[in-house]
Amino acid sequence: LRGALADWLDLLPGVRIEHVDELPSMPLSSWTGVSGEEVTLAEAERQAPFEILLPESLGEPDLVYRYRDPSGGLVITAVYGDERDARLVLTQWTTEDVLFHKLLGPATQTQLVDVREARGLWINGNRHVVFYLGGDFQERAAQGALAGNVLVWQEGDVGYRLEAGVGRERALELAAELR
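Under this note's numbering, the first residue of the sequence shown carries the number 12, and numbering increases by one thereafter.
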């Protein structure tokens, strides 16, 4: 069964999922999971090779980060809240350029879901480790982060990662209102 599960977990381009018996020991880094430069939303919109989508009911984010890895992949992260109390973190990237590698411990649960007419994955339960890798699958200097409930999906050539302290249904509602 685990092999069959792994087969569909890797169907989301830009995201690699791996079940492990034990998560690696590592310091908790920033909640964005990637290094980045704080920019305005307008700056991020001008530079992104894709349309930046945000939850309509939440308005503009409090913080926006831009990160470009050495292979040229651009990652935009919108944060609702602040560095100490982020209510929602929404990361967007072109799937041909960027990969998030997630290590899931034994108690972490995954569920295939429909998100905005696309295939997605809901990850919840115990925390899981997220590494940021370039599109060339080379590990980057950015540190991994321990993540909570996460919804990941792809639309066209853009990948999305929504992390918030909410349940699956609320995460799907927030994803559905991206504009």
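From the three backbone atoms N, C-alpha and C, an ideal C-beta is built for every residue, glycine too.
{"Check": "Option in Glu166, Glu56, Thr119, Val161 with minimal Cα separation from arginine 181", "Outcome": "Val161"}
{"Check": "Nearest-angstrom Cα separation, counted from valine 177 out to valine 75", "Outcome": "21 Å"}
{"Check": "From Arg95, Thr88, Val124, residue whose alpha carbon lies closest to that of glutamate 54", "Outcome": "Thr88"}
{"Check": "With 16 other Cβ atoms within 10 Å as the buried cut-off, status of arginine 172", "Outcome": "buried"}
{"Check": "N- and C-terminal bounds of the alpha helix (DSSP H) containing arginine 181", "Outcome": "179-187"}
{"Check": "Extent of the continuous alpha helix (DSSP H) run through arginine 57", "Outcome": "52-58"}
{"Check": "Closest Cα partner of alanine 187 within the set Glu128, Asp73, Arg95", "Outcome": "Glu128"}
{"Check": "Residue from Arg179, Leu185, Glu166, Glu94 whose Cα sits closest to the Cα of threonine 106", "Outcome": "Glu166"}
{"Check": "Cross-strand partners of isoleucine 87 (DSSP beta bridge)", "Outcome": "Arg77, Gln103"}
{"Check": "Pair within 8 Å by beta-carbon distance, arginine 190 and leucine 64", "Outcome": "yes"}
{"Check": "Three-state secondary structure (DSSP) of proline 69", "Outcome": "Note that residue 69 is leucine in the sequence shown here, rather than proline. Of the three classes helix, strand and coil, the one that applies to leucine 69 here is helix, per DSSP."}
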